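**Student:** Taking the numbering used here, I'd label the letters of the sequence shown as residues 10 to 297.
The beta-carbon is built from N, C-alpha and C at its ideal position, and this holds for glycine as well.
None of the values given here were measured: they were computed from a predicted structure.
Quick one: this structure, given as structure tokens, is what I'll be asking you about.
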Amino acid sequence: MSASRAIPAPGVAPRAMALRLQQFAAAAVWWVLSVGIVVGIWEVTAALGLINTIILPPPHKFVSEIRDQSQFLMPQPGVSAIPLHFAVFTAIGASLRRVLAGLVVGSLAAVITGSLAFYLRIFRNLTFPTITMLAPIAPAAWIPLAILAFGMGDGAAIFVVFVGIYFTLTLATLNNMNNVDQVYVNTARVLGATRRQIMWHVIFPAILPNLFVVLRMNFFAAWMGVLAAEMVGVRTGLGAVVVMGRQMMNMNLTFLGMAIIGLVGYLLDVGLGLLQKRVLWWRSSARV
Numbered sequence: 010m011s012a013s014r015a016i017p018a019p020g021v022a023p024r025a026m027a028l029r030l031q032q033f034a035a036a037a038v039w040w041v042l043s044v045g046i047v048v049g050i051w052e053v054t055a056a057l058g059l060i061n062t063i064i065l066p067p068p069h070k071f072v073s074e075i076r077d078q079s080q081f082l083m084p085q086p087g088v089s090a091i092p093l094h095f096a097v098f099t100a101i102g103a104s105l106r107r108v109l110a111g112l113v114v115g116s117l118a119a120v121i122t123g124s125l126a127f128y129l130r131i132f133r134n135l136t137f138p139t140i141t142m143l144a145p146i147a148p149a150a151w152i153p154l155a156i157l158a159f160g161m162g163d164g165a166a167i168f169v170v171f172v173g174i175y176f177t178l179t180l181a182t183l184n185n186m187n188n189v190d191q192v193y194v195n196t197a198r199v200l201g202a203t204r205r206q207i208m209w210h211v212i213f214p215a216i217l218p219n220l221f222v223v224l225r226m227n228f229f230a231a232w233m234g235v236l237a238a239e240m241v242g243v244r245t246g247l248g249a250v251v252v253m254g255r256q257m258m259n260m261n262l263t264f265l266g267m268a269i270i271g272l273v274g275y276l277l278d279v280g281l282g283l284l285q286k287r288v289l290w291w292r293s294s295a296r297v
């Protein structure tokens, strides 16, 4: 028996769309309030002279100078003639390319490794002691090895993201597979399902919700890892922008880079949440 989505009754779709818009508007209001409180406190303390505005420039100062700082967002010859929007999106795109490549490769490799370990005891016994030992190592600790192995380029940054995702997600995959309710597996076997069918139609749907949670939690570690790699081993991207600001004692550039990093990371997490909701359509009522 195959599952299918129910056909919505007339009027259900408009109501659902209105509800989603209402939820989006509420989330946007809370986001603005949350960020606004921090920005407001920062601006007030700067205006009262409670902080050194040279070291901690208020947000209105470094945001208003984004056009003047755009030449540093692409630390390459001739950047002074590059339009602002192109420089900003090029810096963001460089970091996004690395983190998404590492995220996809690391996730696929983790699920495959975990699945093999679930079915092959010899493979599990040979690999999982090492994987368990390597999992607690922070992604940033792999940067020296990444630079030695892949040089000063995209490969090093992608490798850092990969290790930040792979080990933890591999352990989570096997653990969740072992915890799938045996009743579902036995029922599928009684109905004549093959091992492959049980994997695709019983085990994977059962573990996906928890894997998405682990993936989203480890995404921020991977995001910080790729930025750290850009700070020490790659000369482009948002991490390189922050380091350039520090080297030039240009705190406006440093905080501008930090603000963009935070905003892009937030939007990526929102995107993962939307992907989670789309993939786990049978759990659409759950908040992600």
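1) I'd like the span of the alpha helix (DSSP H) that includes R198, first residue to last.
2) Where N227 and G274 are concerned, what is the direct C-alpha to C-alpha distance, given to the nearest angstrom?
3) Hey, could you find the ends of the alpha helix (DSSP H) A149 is sitting in?
4) What residue does the alpha helix (DSSP H) around N227 start on, and which one ends it?
5) Looking only at its chain, what residues have a beta carbon closer than 7 Å to the beta carbon of V320, apart from the 5 residues adjacent to it on each side?
6) Could you tell me which of M260, D278, V235 and F264 sits nearest to V169, measuring between CA atoms?
7) Between D278 and the rest of its own chain, which residues show a CB-CB distance below 8 Å, the 5 nearest in sequence each way excluded?
8) Roughly how many angstroms separate the alpha carbons of F221 and N61, rounded to a whole number?
9) Just to confirm, are V120 and L178 a CB contact at a threshold of 9 Å?
10) Taking DSSP as the reference, what is the three-state secondary structure of V259?
11) Given this structure, state the Cα-to-Cα distance separating L65 from A100, to the nearest angstrom.
12) Could you tell me if G160 is buried or exposed, where buried requires 16 or more neighbouring beta carbons within 10 angstroms of its beta carbon?
13) Quick check: the Cα distance between M257 and A144, rounded to an integer number of angstroms?
14) How many whole angstroms separate the CB atoms of G254 and G271, which I take to be in contact at a CB cut-off of 8 Å?
15) Considering only the beta carbon of each residue, do G280 and A103 sit closer than 9 Å?
**Tutor:** Put simply:
1) Bounds of the alpha helix (DSSP H) holding R198 are Q191 to V199.
2) 12 Å
3) A149: not part of any alpha helix (DSSP H); DSSP gives it neither H nor E.
4) F213 to V241
5) Nothing about residue 320 can be read from this structure; the chain reaches only from 10 to 297.
6) V235
7) R225, F228 and F229
8) In a straight line, the C-alpha of F221 is about 42 Å away from that of N61.
9) yes
10) Sequence inspection shows Asn at residue 259; the Val mentioned does not correspond to that position. Coil, per DSSP.
11) 23 Å
12) In summary, G160 is exposed, with fewer than 16 beta-carbon neighbours lying within 10 Å of its beta-carbon over all protein chains present.
13) 36 Å
14) That pair is no contact at about 15 Å.
15) no
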